[in-house]
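Heads up, the thing below is written out as structure tokens.
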Amino acid sequence: MEELELIVASVKQEMDAAIKHLDHAFQKIRAGRASTSMVQDVMVEYYGSMTPINQVANVSVPDAMTISIQPWDRSAIGPIEKAIINSNLGFAPSNNGDVIILNVPPLTEERRRELAKQAKAETEQTKVVIRNARQEGNKELKRLEGIAEDLIKGVEKDIQELTDAYVKKTDDHLKIKEAEILKV
Numbered sequence: 001m002e003e004l005e006l007i008v009a010s011v012k013q014e015m016d017a018a019i020k021h022l023d024h025a026f027q028k029i030r031a032g033r034a035s036t037s038m039v040q041d042v043m044v045e046y047y048g049s050m051t052p053i054n055q056v057a058n059v060s061v062p063d064a065m066t067i068s069i070q071p072w073d074r075s076a077i078g079p080i081e082k083a084i085i086n087s088n089l090g091f092a093p094s095n096n097g098d099v100i101i102l103n104v105p106p107l108t109e110e111r112r113r114e115l116a117k118q119a120k121a122e123t124e125q126t127k128v129v130i131r132n133a134r135q136e137g138n139k140e141l142k143r144l145e146g147i148a149e150d151l152i153k154g155v156e157k158d159i160q161e162l163t164d165a166y167v168k169k170t171d172d173h174l175k176i177k178e179a180e181i182l183k184v
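Going by full-length UniProt numbering, the first residue of the sequence shown is number 1, and it counts up by one from there.
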């Protein structure tokens, strides 16, 4: 009995991780407003090692369309600019010697549709991960021996209900993100 609960718990844990990953992916998809999360994954070559941008500079959002990056070490301005350009975020950094400014351009209708497609693709990948978690859980159930078939069928039903709930959750997340992206 305890083994069955462990299998269900591990399936639920994998599905929770998939939803967290989806949320993180959605944070990177901008919806017209500047956000520090847009550059959080940019890695800067700083003294020979790759370092996250927030560990070499103060990243802030002074207004809805601007990201300000103030390096703690002035010599890091060049590598930070290079990292931003190489990250393919679509920003053209400008600096005044002390601060790097990223102007976030307003989204065009075409770009909004592209971002909505990107969000939909992330959602589909998350659904695949959720279904794989279900499949792994069911395989684990089949490997168990000495447990009544009706118990196993009941747990398979529970896992399917979990799967359905998490797929619905991803669809709900997508609806919210699409509304946010397409809102002018």
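Quick reminder that beta carbons are idealized off the backbone N, C-alpha and C, glycines included.
Query, Result
"Is the beta carbon of A34 less than 7 Å from the beta carbon of V11?", "no"
"Which one of E3, K120, A9 and K153 has the shortest CA to CA distance from A133?", "A9"
"Straight-line CA distance for P71 to K20?", "30 Å"
"Do you know whose CA, among H173, S87 and E81, lies nearest A57's CA?", "E81"
"Taking buried to mean at least 16 other C-beta atoms within 10 Å of its own C-beta, is A179 buried or exposed?", "exposed"
"Below 8 Å on the Cβ atoms is my guess for A18 versus I130; work out the distance and round it to an integer in Å.", "5 Å"
"Just to check my reading of the structure: L89 and V44 have Cβ atoms closer than 8 Å, yes? What is that Cβ distance to the nearest angstrom?", "L89 to V44, Cβ: 13 Å. No contact."
"Enumerated in chain order, which unbroken segments of the beta strand (DSSP E) with a length of 3 residues or greater are wholly contained in the segment 80–106?", "100–103"
"Apply the 10 Å Cβ neighbour rule to T126 and answer buried if 16 or more other Cβ atoms are within range, or exposed otherwise.", "buried"
"Check whether the Cβ atoms of M29 and I69 lie closer than 7 Å to each other.", "In the sequence under discussion, the amino acid at residue 29 is Ile, which differs from the Met named in the question. No, they are not a contact pair."
"Using a threshold of 7 Å, state whether the C-beta atoms of V128 and A83 are closer than that.", "no"
"If we ignore side chains and look at the alpha-carbon of each, how far apart do A116 and T51 end up?", "30 Å"
"Going by DSSP, which residues form a beta bridge with Y46?", "S49"
"By the three-class DSSP mapping on this structure, what secondary structure does A57 have?", "strand"
"Could you round the C-beta distance between L22 and T170 to whole angstroms and report it? I think they count as a contact, below 8 Å.", "6 Å"
"For T123, which option in D172, G48 and I152 has the closest C-alpha, if you only look at C-alpha atoms?", "D172"
"Could you give the DSSP three-state label for T108: helix, strand or coil?", "coil"
"So what does DSSP say about Q70, is it helix, strand or coil?", "strand"
"May I ask you to list the residues that DSSP assigns as paired with D63?", "T66"
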